[in-house]
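Working notes, structure below.
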Amino acid sequence: MDFETIPGVGEKTAAALSELDDAERALKEGDVVALARAPGLTEGRAAAIARGAIRRDHDDTGDFLATDRAREIYRDALGLLQSRTVTAYAEKRLETLFPTGSQSRIEEVREFAADATDLDADPDVLAALSGVEPLADPRTRRVRERCIATADAERYAEAKAAFPELSIEVVEDARGIGELARSYSTVVVLDESFAGIDVEGDVRVLPDAAERTDEVVPERLLAFFAENREALEAAAEVHEVADIGPPCDVDALRDALSRLDDDGTIVGDDELQRLSNAVDDIDTAVSTAESVANDHLRDVIRERDVTIEGTDFLSLVEQGARVDSLLSRELEDEFDEALAAARDHFVDSLALQPGEADLTDRIFPEDPSFPLGHDEAAVGRLRTELKAARDRRAAKLKADLASDLGDLRDPVETLVRDALELDVRLAVSRFARDFDCVFPEFTGTAGDDGTGSFTIEAGRSPLLDVDFEDVDPVDYEVSGVTLLSGVNSGGKTSTLDLVALVVVLAHMGLPVPAESVQLSRFSELHYYAKSQGTLDAGAFESTLRDFAALTDGAADRLVLVDELESITEPGASAKIIAGILEELSEQGAAAVFVSHLAGGIREAADVDVAVDGIEAVGLEDGELVVNRSPVKDHLARSTPELIVEKLAGESETSFYGRLLEKF
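Reading the sequence shown from the start, the letters are residues 1 to 663 in the UniProt record's numbering.
Structure representation (structure tokens):
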């Protein structure tokens with residue numbers, strides 16, 4: 001794949017992506033975490049690359065969110081979805097969903113979302129998901145009891161790169177290999193020319209070692225499973241609780257993991273544990289065995305009366321004899337008992353086997369002495385034997401376990417990925433259920449199939465700062481260019497936000513919070529928020545330039561504008577808005593302009609401009625009572641008019657009546 005064809009991907013990033021084993025799959029599926037494994041890529045950058053690949057594959061320009069407010073609505077919508085995820089993966093993965101005018105992309109996501117909304121977010125599944133996270137590559141751990149040997153400089157460099165865990169040694173001949181075999185428990189030779197050499201030790205000639213990494217360095221695979229134990233066990237539980245067929249035998253996986261410690265060492269093997277304990281405890285066992293023998297001899301000597309004839313004593317002194325001679329002559333049987341006790345204690349404390357126990361005869365000499373000592377060289381030989389046996393046992397167990405886990409390596413990637421993807425799908429399902437969503441119906445492409453339009457029935461915005469259950473449903477239908485009038489705080493801006501949210505979600509391919517929605521497929525959403533105060537001349541000129549560009553080829557765009565009149569004086573604003581609406585109307589664009597100047601704008605426009613109104617039906621205890629659904633072809637009354645009308649009805653003075661006539 002030519003990664004540089006992805007928007008925003010240069011030569012350096014393409015080279016990083018090429019180092020991944022499954023970059024094409026990750027790009028196609030939007031697997032942000034897998035992409036983030038590429039050198040130098042953060043998860044945020046990976047999400048941007050995934051979006052770029054999707055846009056490339058669906059010929060999307062990336063221009064749908066054309067204004068800051070449109071992008072804010074998208075971030076709010078995305079936030080509603082992300083807040084319903086359990087895993088960090090799902091949160092990042094949802095960022096690959098974005099609004100687009102591409103029909104193929106919308107349909108692709110709709111198919112995914114339709115499948116997702118059929119799922120039920122079981123609390124037990126969500127609890128199991130909390131332990132799932134993307135699989136991590138463990139840090140390189142040095143393996144000191146094994147090395148790789150070669151006589152070839154090129155193979156040496158290749159081995160250095162392929163086996164960072166092992167020492168790579170250069171040899172010239174079989175003698176060099178023999179020397180290595182005395183220092184390492186296993187020597188792996190890469191050169192086929194050494195096949196059949198006769199040297200002591202575990203020497204294996206494997207020219208294809210790079211293709212047999214699990215055999216040469218099983219610690220790498222074991223470290224991977226040890227590092228990811230919790231995620232693997234959680235993913236297995238997710239499949240079981242959610243009743244999803246796993247891609248591997250989870251019982252076999254659990255059994256293999258039970259034989260592996262968190263640091264990648266083998267556990268649960270009695271013989272390996274015995275040998276390991278013996279190596280660790282040998283010095284203590286020697287010291288304790290000596291104490292057992294010496295305590296015995298000390299007690300015997302303390303309680304024993306030893307008679308020595310004068311001539312014998314003189315002879316012993318003249319011969320320079322030590323107490324050892326006395327022990328040999330007077331306490332021979334007791335010394336033999338003490339020596340046997342020392343040896344028995346040593347063998348028992350280390351749980352030595354018969355062949356190993358034979359070496360203890362050399363550790364404690366039979367020549368009588370007090371205090372009893374030991375032969376350090378013999379202890380060293382036994383320690384070497386035990387270490388070699390331990391390492392051989394560990395190597396065999398590692399190789400056996402790596403063989404079992406090797407068949408699970410690829411399936412567990414799928415096991416975890418499926419669990420994480422389930423979280424993504426459940427987030428969509430929870431969103432749809434929480435906000436009573438339905439899938440919208442696209443009526444065609446705006447511009448190609450006539451004037452752009454939308455119809456929302458019983459739409460409710462989850463963006464409002466109230467409980468969703470308390471949100472009043474809104475019905476609103478627009479075709480072409482429309483002015484939306486209404487009282488202050490009557491819900492005009494909230495209606496625009498609802499329209500924008502519905503349009504954004506629909507163009508993401510997702511369900512929308514309404515009972516029914518039909519809309520055109522738009523290429524861009526231009527949403528202009530209410531300006532904060534009158535603009536200076538420069539900013540005003542810049543705003544006009546924006547609208548001049550907007551009205552050029554606007555047929556397939558949706559334009560939402562909130563109180564544009566605030567940018568300048570009311571009289572001039574009405575004329576400017578009228579001119580903009582004329583341009584949009586002539587092109588067949590869909591637009592909703594919220595304005596308090598609807599009457600003046602309609603009078604200034606040279607085309608018929610529809611005016612809808614969010615009507616306040618009265619005042620109760622000083623609060624507006626509002627019909628939140630805009631009334632078609634109706635110029636809504638202002639808040640001052642309602643207040644004057646209320647006062648006129650409550651007072652006998654004619655002042656309020658005359659004021660009311662002005663409206």
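For each residue, glycine too, the CB sits at the ideal point set by N, CA and C. Given the structure is predicted, the values throughout are model-derived calculations rather than measurements.
Quick one: what's residue i bridged to in DSSP?
i    : result
T482 : V592 and A610
V189 : A149 and V205
D562 : V594
F454 : V478 and L519
G459 : V474
A616 : V626
E524 : R557
V199 : V199 pairs with nothing; no bridge assigned.
I266 : L260
So, using beta-carbon positions, are residue i and residue j closer together than 8 Å?
i    : j    : result
P513 : P462 : yes
I580 : F540 : no
L525 : V504 : yes
A38  : L17  : yes
T96  : I54  : yes
R56  : P123 : no
L190 : A161 : no
S102 : D59  : yes
Y89  : V143 : no
P218 : A388 : no
A181 : E154 : no
A341 : H296 : yes
L352 : F364 : no
V517 : V438 : yes
A589 : A548 : no
F431 : R84  : yes
E24  : A14  : no
By DSSP, does residue i sit in helix, in strand, or in coil?
i    : result
T150 : strand
R182 : helix
A442 : In the sequence on display, residue 442 carries Phe and not Ala. DSSP places F442 in strand when its eight states are reduced to three.
I567 : helix
A529 : coil
A321 : Only weak support exists for where A321 lies, its pLDDT of 49 falling under 50; the value from the coordinates is given anyway. Here A321 sits in coil by DSSP.
R212 : coil
F468 : helix
F313 : A caution first: F313 carries a pLDDT of 46, below 50, which makes its placement in the model too unreliable to give a value.
A432 : helix
S489 : coil
T653 : coil
V217 : coil
E334 : helix
E165 : coil
I282 : helix
L78  : helix
V512 : strand
L65  : strand
V125 : helix
V250 : helix
V132 : coil
V143 : coil
V379 : helix
V171 : coil
Alpha carbons only, please: which of the options is nearest the one belonging to residue i?
i           : options                   : result
R69         : Y527, L135 and R84        : Y527
L275        : S429, D124, L382 and D243 : L382
A242        : A128, T414, A351 and E158 : A128
residue 667 : V9, G52 and A14           : This structure cannot settle anything about residue 667, because the visible part of the chain is limited to 1 through 663.
R146        : A235, I168 and E158       : I168
K12         : D21, L20, D22 and G40     : G40
E179        : E334, L232 and V203       : V203
If you measure from the beta carbon of residue i to each beta carbon in chain B, is any gap under 8 Å?
i    : result
Y184 : Looking for chain B here will not work: only one protein chain is present.
Query raised in the report: Contact between the stretch 185-197 and the stretch 387-405: three or more CB pairs below 8 Å?
Result: Contact between the stretch 185-197 and the stretch 387-405 is present, because at least three Cβ pairs lie under 8 Å.
Query raised in the report: Between the stretch 600-619 and the stretch 469-486, are three or more C-beta pairs nearer than 8 Å?
Result: With a cut-off of 8 Å, the stretch 469-486 and the stretch 600-619 count as touching, because enough Cβ pairs lie within range.
Requested in this report: Mind the definition here: the stretch 240-259 touches the stretch 192-203 only if three or more C-beta pairs lie below 8 Å; say whether that holds.
Outcome: Output reads no: the stretch 192-203 does not touch the stretch 240-259.
Report task. Tell me, please, whether the stretch 204-220 touches the stretch 97-117 by the rule of three or more beta-carbon pairs shorter than 8 Å. Result -> In short, these stretches do not touch, since the Cβ pair count stays below three.
Query raised in the report: If you pair each beta-carbon of the stretch 281-297 with each one of the stretch 451-470, do three or more pairs fall below 8 Å?
Result: With the cut-off at 8 Å, the stretch 281-297 and the stretch 451-470 do not touch.
Query raised in the report: So does the stretch 157-171 actually touch the stretch 262-270, counting three or more Cβ pairs closer than 8 Å?
Result: No, the stretch 157-171 is not in contact with the stretch 262-270.
Report task. For the stretch 416-426 and the stretch 489-498, state whether three or more C-beta atom pairs, one from each stretch, are separated by less than 8 Å. Result -> Three or more beta-carbon pairs separated by less than 8 Å are not found between the stretch 416-426 and the stretch 489-498, which leaves the two stretches without contact.
Report task. Count the C-beta pairs between the stretch 171-179 and the stretch 243-261 that are closer than 8 Å, then say yes if the count reaches three, no if not. Result -> Contact annotation: the stretch 171-179 does not touch the stretch 243-261, with fewer than three C-beta pairs closer than 8 Å.
**Report entry** Three CB pairs or more closer than 8 Å across the stretch 577-594 and the stretch 553-567
**Finding:** Result yes; three or more Cβ-Cβ pairs closer than 8 Å.
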